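Read the structure below first, then the notes.
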Amino acid sequence: MRFSTVGGVQPLPSDAPQRIGDYTLLAALGRGAMGSVFLARSRGGRPVAVKVAKAELADNPQFRERFRREVEMARAVGGFWTATVVGADPDADRPWMATEYVAGPTLQQAVHDFGPLPEKAVRRLAGGLAEALVAIHGAGLVHRDLKPSNVLLATDGPRVIDFGIARALESSGLTEAGIVFGTPGYLSPEQVVGSKITPQSDVFALGSVLVFAATGAGPFGEGATSALVYRVVHQEPDLSRVPPGLVPLIVPCLVRDPAHRPTPARLLELVGPPSNDPSWLPAQVRTLVEERHTQLRDLPAKPPTRVMAEPGKPPTRLLVEEPPPAQPQRVVPPIKPYTPPVKKSGSQFKTSRAVGLGWMTAHGSAALLSLAIAGDTANTPAGVRAAALVLFVVFASVAVRLLVGALRSPLTIDIGPDGIVLSNGAQSRRLPWYAISRVRVDAHHSRPWVMVWLHGAAKAPESLGRGSFHSHKGGLRVYPISHERYRKRRERDVAEIRSALAWYGSSVYDPR
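Under the numbering used here, residues -4 to 507 are what the sequence shown spells out, in order.
Right under this line is the structure:
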């Protein structure tokens, strides 16, 4: 389940239900693509966080199954370092799950608002997360999506949340119907390349989370998804800003070979015994937690109102939809709400005129030099002049071809969640993933192409120039990958495009 959880406390939206199951909603905590998270109270007065799925997803059997699995996984773990599930109903009109409310911010928010954590706090964080992984793996699960936004900072230690894509160890393969799960920048190399994932994949993610906590950035930087997953597999992590005292703890977690990473229990030994200082969080974060506790005490206890349930459904599955009350509601002031930076979705690649013109100039100069040698009848032997004339023809032909290519409109390919979009500035062609039966990179020597095969009912788009959408091997050539660039750059672009296709179009991507 992809929810944006536990930001600052916000006023309850007017269209929100007043009650879900046995829980009275008090305020909003966050919203995501899959639903919303609310602050609520149980009948006994305990604060809880309630996740509620969007109404339009309720009719999706696969979504309900994933929601049910998340509830089961979260309940199976329990323990010190997770938010305990106190109630749930995956079969309700809109599936929901209630967990204990943790007043602390996410690690993502805390670092964003107040900067990296001090070394002492990072060590305490490492111990808490390692103990959480011991509990998660002890329950026979792999979390698969440990990241800063899934770690809550409480006064007594961190909490790991969101088991939406967790997997039992006996079925912990990377893909489900060809879909890649996880978050770029925190995925382990074996998750990226499609190898079997194990508990050690969570250890790699833990190392990445600790780098973020200590420096404010992940070990593989930022950027497009394709660039991030490429770095995870092919480049070393950037630990240049990690405090020296933490490097021996983090480096073993980020080893590429999962067999050589420490177990969470071994990490606990490396962290050492916890300090006796209970105030492990920086002062600004502790103040924020205290403010949220005060805010929670000040929230009114709204009584439940009219219940609307479908006939035949038991009371535990009631979702009460109430119109907004006539009287003004108390407005709960937000506490420094965290707004994540806006990042472009997808990966973009573009053909280059400048590179083509540069190569055209170089070949043109070589052609002129060859012509000068071929025309020097006084000082140059006949055999050399003949060879120079042949070289002139070759260089001139390549220069003309490069000039023609450089004068064409450049092509841009966008590979994203919705499909492939090809454009030349004035026009664009879109190929949604559902229209594509197969996509791959046809790496033929120095002229690789992105190629697609469409389903029978899909119509092939018109060409945008540069050979786009021309038939080849039963499919369509879509985009010429760096034909005008030098070999190293072309190989890099091929690798990044492969990664983008594998990430966004995993169900149709052919890695051959």
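Think of the CB as a built atom: it goes at the ideal place given N, C-alpha and C, for glycine as much as any other residue. All values reported here derive from a predicted model rather than from experimental measurement.
#### Entry: Check whether S183 and S494 have beta carbons under 8 angstroms apart
Their beta carbons are not under 8 angstroms apart, which means S183 does not touch S494 by this criterion.
### Query
Taking C-alpha atoms, which residue in R261, T19, A44, V389 lies nearest to V4?
Looking only at R261, T19, A44, V389, the smallest Cα-Cα distance to V4 is reached by A44.
#### Entry: Inter-residue spacing [alpha-carbon to alpha-carbon] between H288 and Y96
So the two alpha carbons sit approximately 10 angstroms from each other.
### Query
Three-state secondary structure (DSSP) at L34?
Assignment of L34 by DSSP, reduced to helix, strand and coil, places it in the strand class.
### 8 angstroms Cβ cutoff met for P475 and R484
For P475 and R484, no; Cβs fall outside 8 angstroms.
### Query
Smallest Cα separation from R70: which of V447, V80, G123?
Relative to R70, the option among V447, V80, G123 whose CA is nearest is V80.
### Query
Taking contact to mean at least 3 C-beta pairs separated by less than 8 angstroms, is the segment 141 to 153 in contact with the segment 82 to 92?
Using a C-beta cut-off of 8 angstroms, the segment 141 to 153 makes no contact with the segment 82 to 92, since fewer than three inter-stretch Cβ pairs fall below that distance.
### Message
Between which two residues does the alpha helix (DSSP H) holding Y225 run?
### Response
Secondary structure note for Y225: its alpha helix (DSSP H) is the uninterrupted segment 220 to 229.
#### Entry: Same chain, Cβ closer than 7 angstroms to G524, neighbours up to 5 away in sequence not counted
As shown, the chain starts at -4 and ends at 507. That puts residue 524 outside it, with no answer to give.
### Strand pairing of E51, partner residues [DSSP]
In the DSSP output, where bridge partners are listed per residue, E51 has none listed.
### Message
My assumption, with CB atoms under 8 angstroms, is that R14 sits in contact with L20. Please give the rounded CB distance.
### Response
The beta-carbon separation of R14 and L20, rounded to 7 angstroms, stays under the 8 angstroms limit for a contact.
### Query
Can you give the beta carbon distance from G420 to W448, rounded, assuming they're within the 8 angstroms contact cut?
About 27 angstroms separates the two Cβ atoms, so there is no contact after all.
### Query
Where DSSP assigns a beta bridge to F344, which residues make up the other side?
For F344, which the question treats as bridged, DSSP gives the partners I408.
### Query
Tell me the DSSP bridge mates of E95?
According to DSSP, E95 bridges with V43.
### Message
Assuming V224 and V284 are in contact, meaning their beta carbons sit under 8 angstroms apart, how far apart are those beta carbons, in whole angstroms?
### Response
For V224 against V284, the beta-carbon gap comes to about 35 angstroms, at or over 8 angstroms, which does not count as contact.
#### Entry: P310 to A50 span [Cα, whole Å]
Residue placement at P310 is flagged as unreliable, the pLDDT there being 41, under the threshold of 50; the coordinate-derived value follows with that caveat. C-alpha separation (whole angstroms): 19 angstroms.
#### Entry: Touching by the beta-carbon criterion (3+ pairs, under 8 angstroms), the segment 192 to 200 and the segment 254 to 262
Put simply, the segment 192 to 200 touches the segment 254 to 262. At least three CB pairs are less than 8 angstroms apart.
### Task
Compute the distance between the beta-carbons of F33 and A48, then report whether it is under 8 angstroms.
In this structure, F33 lies away from A48, with their beta-carbon atoms at least 8 angstroms apart.
### Message
I'd like the list of long-range same chain contacts for W134, defined as Cβ closer than 7 angstroms, with 5 residues on each side in sequence excluded.
### Response
As written in the sequence, residue 134 is Ala, which differs from the Trp given in the question. Listed in chain order, the non-local C-beta contacts of A134 below 7 angstroms within the same chain comprise A71, V72, local neighbours out to five positions each way being set aside.
### Task
Please report the residue range of the alpha helix (DSSP H) in which R63 lies.
Unbroken alpha helix (DSSP H) run through R63: 56 to 72.
### Same chain, Cβ closer than 7 angstroms to S274, neighbours up to 5 away in sequence not counted
Counting only Cβ-Cβ distances below 7 angstroms, and skipping sequence neighbours, we find R281.
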